[in-house]
Structure formats: C-alpha cells, structure tokens
Amino acid sequence: EVEIDSQKVKVGIWRVPVGRTSLYLLDTNLPENSPETRTITEQLYGGDRVNRISQEIVLGIGGVKALEAMGIKPTLFHVNEGHSTFLLFERIKQIMKERKVSFKEAKEAVWASSIFTTHTPVMAGNEYFDFELVKKYMESYCQDLGISFAEFLEIGKEEKESMGYCMTVVAMRLCAFVNAVSHLHKDVSKDMWYKLWPGLPRYEVPIYGITNGVHISSWISHEHQDLYKKSMPKHEGEKDSFNNLNWEKLGNMEDEELWDVHMARKRKLIHLVRTRLKNQYKRLGADHTILNEIDNILHPEYLTIGFARRFATYKRATLIMRDMKRLIDIVNSKGMPVQFLFAGKAHQADSSGKEFVKEIAQYSMDKNLNNRIIFVEDYNMNIARYMVQGVDVWMNNPIRPLEASGTSGMKAAINGVLNLSILDGWWEEGYSPEVGWAIGGSEHYKDDNERDYVESESIYNLVQKVIAPLYYERGPDGLPHEWLKMQKNSIKKLIPLFNTGRMVKEYYDKFYIAAHNATKRLQDKGKLPLIANWRKKIEENWSQVKVEVDSFKPEMEIHLGLKVPVRAIVHLGALSVDDVDVQLYVGNADGESTFKNGKTISMEYDCRDGDAYIFKRDVECLESGKHDFAIRVMPKHADLVHPYMPLFVKWNDK
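Here the numbering used here = 1-based position in the sequence shown + 361.
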C-alpha cells in the first residue's frame, strides 16, 4: 500500500519467472482502488506529470514495500535510471523504523549500499518535477522521514536556483556508487553533473564507466549458437555456458560453415519481411499484382544493410537519404547492388521521430530506388531478433555523443553481422579496422549541417568504395573470404567484451561487493550513529580547514628521478589529523589553474606547530616537462566507501 495525494492505494504484485530469476511487476488496477488510481500502471509513457510522479511513487516506495512484504531483504539496491529514485527514501524510512535511528544515520547506510546508473547523455532525458507537484505528493511523506519539506527539496536541487526537483540529482546524492553506461558516456556525464562535486577536477568526479552488454543466449540465432559451440569444444566438467568459451577458437571456423549459417538466417529474415509486407498491403487493399511483386523484394545475394531502433531525433534515421542521387546510384550499382532494411517506432510524444518514420515509408515507395529501401511496420522484439541475425551490416548513425551506449550493434555482432557506426557509445570502445567500420571520427563541427554532410558522405563512401567491394569479392569457391575473416574477427573480439556476463561481473567487482560489505559493516551496533556524528563534525568544522604550501622553492634544476620535498601547513580547527587525508596533487593544469589530469599522493603527518599540523612528502619526478602541483585536504573515515563527499574538498590558495 502506498499513499498518493492523500489516498491509500493498494498495489498488486505479479511474479514472472525469467529463467532462474523472478521479475516482479506492480499493478494498481485493483477493485479496492479508485478509478483514477487504478490507471496509474496502465501505460508506461502515458498520462501527464501527475501520472508520472504517481508511477514513480508506486515503483520506488511501493517497490521497497513489495520486497518487504515478500520477505526479500537485499543488502544493496541498484537504481537503474532516475525513475525508481524514491526507493532510496523508503529505504531510509525502513532503516529508521527498524533500527530506531535518525534520518541522517539511516541515510549513511543507504548511501553506502546503493548504486545508481545514469543512461542519458542529454539533460532533457532526466526526470524533473515542479516543486509544487512534489510538495503536493511528498510533503506528508517528509514527516515519516523526520525532515522538513525544504530539506527534502534541497536533496533534489542541482543548484540553489534550480527550477525543478531532479530525480537524477537525488540518486547521485544518495548513492555512493554512480556509473554511466560506456566510457565516452562517463566523460559526458561528468561534464553534465560535475557541479554536484564542487572542488573536484572534472575528470575526477566519481562517475564511473561500466559499458552495457547484451545477453548472448537471448539474441544469438540457434544456427550460430550450434556453430560456435561446435567450433569451441568444452573441457571436461565445464558448464555449458557462453561465459566459459574460448572465443579466440572461433578463428578456426570453416568459412563455408559460417557463410551457410549466415545465408540461412538471411533467407529467414527475407521470408519474414515479405510475409509482413504482404499482410501490410492486404490491409491496404492491394491487388494480386502488387502482392506477387513482394516475392521479389529483397534478394538474398545482395548486400543488405539494417537499421532498426527507436526513431529518436538524434539517431538520424534518414541520414542516408540526404543525397538521393548518391543513394540511388549505390542501391542500383551494376554488379554491387545494395538494399537497406529499416524498422522502428517513435515515442508517442516525439513528433520529429514520427516524421522520420513517415519519410522512410515514403522513400520506400520511390520507383528510382527499385525496392531497395524497405520499411517494416509495427517494429517489435521479434523483428529486431530476425534483423540482427540476418542482415550483412548493421548501421548506426547517432549524433555523437548522444548515444549513451547502444546495444543493437552488440546483438548484431553476436551473429557475425558487421557494424558500420558513428564512434559513439559502445562502438567508441569496440571499433577497430578489422572488425567493422567507423562513420567519421571524433571531430567537432561548426554546425549541424556540416556534421550531417560530412557523416552522410562518409557512409556513402564506405558503402560504395569499401563495404560493397569487400562483400562482392569472391574466391574460386564463390565465398567472400575477406568478408568472412572480418566476421570472425568481429565475433571473437566483440562478443567477450560486450555481453551481460562481463557487465554484471564488472558491477559485482566494482560496486556490488563493496556495497554488500558496507551493509554488513554498518549493521554493527553503534556504527551508524558513529559515522553520522563524524559527518556532522566534518560539516560543522570544515570552514576552519586551511592549507598552504610551505615555501616551495627548489634551488636546483630538477632532473628525472630527482625527489623534490614538499611541505604543507594545515589548520584543522576542531578536527584531528585522523579525520582528514592531506594529499599532494600532481598533474597538468590549464591557464585557469584547473587540473586536466593528475594523481594524488597522501602526505605523511610530521608534527604539530602551534595550532597547525605539518605534513611532508617527497615527489619523484618521473617525466620531463612542466608539472603543476597543489595540496588538498579531504575527509577520511574507515567506514566511508569512498572519500568524495560533496562540498568537502579544501585546496591551497595557489
């Protein structure tokens, strides 16, 4: 049961077994509820902002209550995007009640055992609610937390003058572990959210990159699966799992076997598309002549390039149509014809995305294109599965760096499909010339028009001059051996890196173990009050902390390998040397004295001098050139899972 706008709303729980895992779905469509609350869980992206905040209350607060009702007691929670962020407050409330502790004490336990993953590289993709709406739905809840509504609001404000309550900000403040979904997205996220950690160089903001992966067994074709396992025999006693296979052995696959499997999947895809097109045209009242022509659409021997995904504006579904004369030449090339297969849907509120769908559907009817541009209606997971298993090339041309990760190209790579993509998201990490092709590079353009021109030309040139010639180059046995070599390289190099096994292990190693151990550690009696009181002491006394470099003037020319002594004078006020880590920060600073990179070295406490503490450290110069350094003080406590506490970094003045 959750409270929504002063109403008690009953929430049903549905359990769906997914392999060995249980998926729990929450449902408000129950007879006990009022008509307006029964529809809360009716549609994922439907309704207005009232419906949206109601859904997030059900998911976040209701989700924690549902687990409690089922007797499930996780030691850590992973907040996947901001939609479930309210769960963090419900966890705080739960711990306050169970352990008879304050909000601040319970918050320490939740912070140390919570993970947040951000998935969007654009501000518009982050959830914001008007303050008045938040007040209406959450003010009474604040009483249960023992805090004022003003304090509740502060947690969701990026800055004092923020105009909305941001669920991403709440999650980043209440979760010790934060990550983006690729390494490029990590850098973008640091640029977006660095203000939450004032005093830290931007590159040091504690947002980590854990690149997404895809579940191999869900997306690989049966034919490819059988071929791979035949080519990689297991050792005795080894489990029948993709995680245990030696992918390097796939280089030994017979070309003929791989090509036969690839062409079998391609023919199945073409059969599916023709069947769907016939059904589509029958609904439109097409005559038998048109229906019979569909049997000649998509030739299995022609180079087939696929594009299937959500038709968001930044994904630029129509980029290939920018120069129609060039496209017509490519698809109708004598001896090297190319066919493009499109599928996808736009978000119901995305009018630009809907226009893309409309444009491609219209282009598919252009006689000059000779049925070489095909659009498949009513995109779903089944169509996606057939496409990633059956096309020759997977095309992806988002605006860099707006693709946080992207996973469709990973699914294609599992099935030996080669990627042609912008260097964005996962492809920034996965690309190398022997596994696929890069559209453009990492250039910055003066405007959108220049970018679209350069990158569309890159696609045309690659398809016309590189990809098609490689595909149609055949050996005496009729097989495209160089193409198959690239397929094998793609399979053996990309699958081991971009799968959910690797991804989950990375979360486990970097976050889950630390969060689990923190939960166990903070369950000790007295730990929560201890760390909460310590944090309070830091907050109350941090303004007294001052640090300066003591007359750093090397009297000689510094040579490689020379150790240079550095001495810091630190004033701590009511804090002790055990409360802080005094660090020597060595790196390269730009003209604004902002570090672009660097490393930290903890300094050693030497002695007390009046009300000051002296710290020392020798720095060994290992590289030639200009070096910058600074001294900073950060809080230190044995029970902190990491030291990056917002607002608490003190640097020397110069």
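Using N, Cα and C, we set each Cβ at its ideal position, and we do this for glycine too.
Where do the N-terminal and C-terminal ends of the beta strand (DSSP E) with residue i fall, by residue?
i: ILE992; result: 989–996
i: CYS968; result: 965–970
i: ALA647; result: Element bounds for ALA647: n/a, residue is neither H nor E.
i: GLN700; result: 699–706
i: LYS369; result: 368–370
i: PHE438; result: 438–441
i: TRP844; result: No beta strand (DSSP E) holds TRP844; the alpha helix (DSSP H) holding it covers 842–855.
i: PRO378; result: 373–379
i: ASN540; result: 538–541
i: TRP798; result: 797–800
i: TYR385; result: 382–388
Answer yes or no: do residue i and residue j have a C-beta to C-beta separation smaller than 7 Å?
i: PRO567; j: TYR974; result: no
i: ASP505; j: LYS454; result: yes
i: GLY667; j: TRP755; result: yes
i: VAL908; j: ASN1013; result: yes
i: ALA879; j: VAL1002; result: yes
i: ALA704; j: TYR663; result: no
i: TRP798; j: LEU784; result: no
i: ALA473; j: ALA532; result: no
i: MET771; j: PHE859; result: yes
i: LEU730; j: VAL692; result: yes
i: GLY767; j: GLY786; result: yes
i: LEU889; j: ALA470; result: yes
i: HIS480; j: ALA765; result: yes
i: ARG670; j: TYR821; result: no
i: PHE701; j: ILE744; result: no
i: HIS326; j: GLU790; result: Coverage of the chain is limited to positions 362 through 1015, which leaves residue 326 absent and any answer about it impossible.
i: VAL906; j: LYS1011; result: yes
i: SER582; j: ARG626; result: yes
i: SER796; j: ASN850; result: Correcting the residue identity first, residue 796 is Val in this sequence and not Ser. Yes, the Cβ-Cβ distance between VAL796 and ASN850 is below 7 Å.
i: TRP580; j: ILE775; result: yes
i: TRP1030; j: LYS853; result: No statement about residue 1030 is possible, as the shown extent of the chain runs from 362 to 1015 and does not include it.
i: MET697; j: TYR833; result: yes
i: SER475; j: PHE438; result: yes
The alpha helix (DSSP H) spanning residue i covers which residue range?
i: GLU469; result: 464–473
i: GLU738; result: Taken as a continuous stretch (DSSP letters only), GLU738 belongs to no alpha helix (DSSP H), as it is neither H nor E.
i: TRP755; result: TRP755 -> not in any alpha helix (DSSP H); beta strand (DSSP E) instead, spanning 754–757.
i: ILE577; result: 577–580
i: SER904; result: Where SER904 is concerned, there is no enclosing alpha helix (DSSP H), given that its DSSP letter is neither H nor E.
i: ARG863; result: 861–868
i: PHE668; result: PHE668 -> not in any alpha helix (DSSP H); beta strand (DSSP E) instead, spanning 664–671.
i: PHE976; result: First-last for PHE976: 973–981, but that is the beta strand (DSSP E), not the alpha helix (DSSP H).
i: ALA929; result: ALA929 -> not in any alpha helix (DSSP H); beta strand (DSSP E) instead, spanning 924–932.
Tell me which residues share the same chain as residue i and place their Cβ nearer than 7 Å to its Cβ, disregarding the 5 neighbours each side in the sequence.
i: ASP967; result: ILE975, PHE976 and LYS977
i: PHE510; result: LYS496, GLU500 and CYS503
i: GLU489; result: It is worth fixing the name first, because residue 489 is Tyr in this sequence and not Glu. Excluding positions up to five away in sequence, the list reads GLY525, TYR526 and CYS527.
i: ASN412; result: ILE401
Write down the C-beta distance between residue i and residue j rounded to the nearest angstrom, noting that I regard them as a contact closer than 8 Å.
i: GLY574; j: MET964; result: The pair is not a contact, with the Cβ atoms about 40 Å apart (cut-off 8 Å).
i: LYS371; j: ASN394; result: 6 Å
i: PRO762; j: VAL549; result: 5 Å
i: VAL980; j: VAL925; result: 5 Å
i: ASN487; j: THR529; result: 4 Å
i: THR679; j: GLU617; result: About 38 Å; that fails the 8 Å criterion.
i: VAL539; j: GLU584; result: The Cβ separation is near 41 Å, so there is no contact.
i: ARG330; j: SER819; result: Any property of residue 330 remains undetermined from this structure, which presents the chain solely from 362 to 1015.
i: LEU387; j: THR400; result: Actually they do not touch by this definition, with Cβ atoms about 14 Å apart.
Short of 6 Å in beta carbon distance, which residues of its chain neighbour residue i, apart from the five on each side in sequence? Order them along the chain.
i: GLY598; result: Only weak support exists for where GLY598 lies, its pLDDT of 48 falling under 50; the value from the coordinates is given anyway. Excluding residues within five positions, none has a Cβ falling inside 6 Å.
i: LEU630; result: TYR747 and GLY751
i: ARG928; result: ASP911 and LYS977
i: HIS998; result: TRP895
i: ILE365; result: SER415 and ILE418
i: LYS715; result: ALA707
i: ASP601; result: Confidence is the limiting factor: at ASP601 the pLDDT is only 49, short of 50, which leaves the residue's position unreliable, though a coordinate-based value still follows. Nothing listed; no residue qualifies.
i: LYS590; result: none
i: ARG835; result: PRO841
i: TYR675; result: PRO759, ILE760 and LEU763
Among residues of its own chain, excluding the 5 on either side of residue i, which ones have a beta-carbon nearer than 8 Å to its beta-carbon?
i: ILE655; result: ARG635, LEU638, LYS639 and TYR642
i: PRO1007; result: ARG534, LEU557, TRP558 and PRO559
i: LYS960; result: TYR946, VAL947 and GLY948
i: LEU921; result: CYS982, LEU983, GLU984 and SER985
With hydrogens ignored, establish whether the beta-carbon of residue i is closer than 6 Å to any heavy atom of the ligand NAP.
i: GLU795; result: The model depicted lacks the ligand NAP and carries no ligand whatsoever.
Between residue i and chain C, is any beta-carbon pair separated by less than 7 Å?
i: GLU520; result: Annotation note: the requested chain C is absent from the structure, which comprises a single protein chain.
Original post:
Per the contact definition of three or more C-beta pairs closer than 8 Å, is the segment 363–378 in contact with the segment 418–431?
Top reply: At 8 Å Cβ cutoff, the stretches touch.
Subject >> Touch test, the segment 796–809 against the segment 608–620, Cβ-Cβ under 8 Å, three pairs minimum >> reply: No, the segment 796–809 is not in contact with the segment 608–620.
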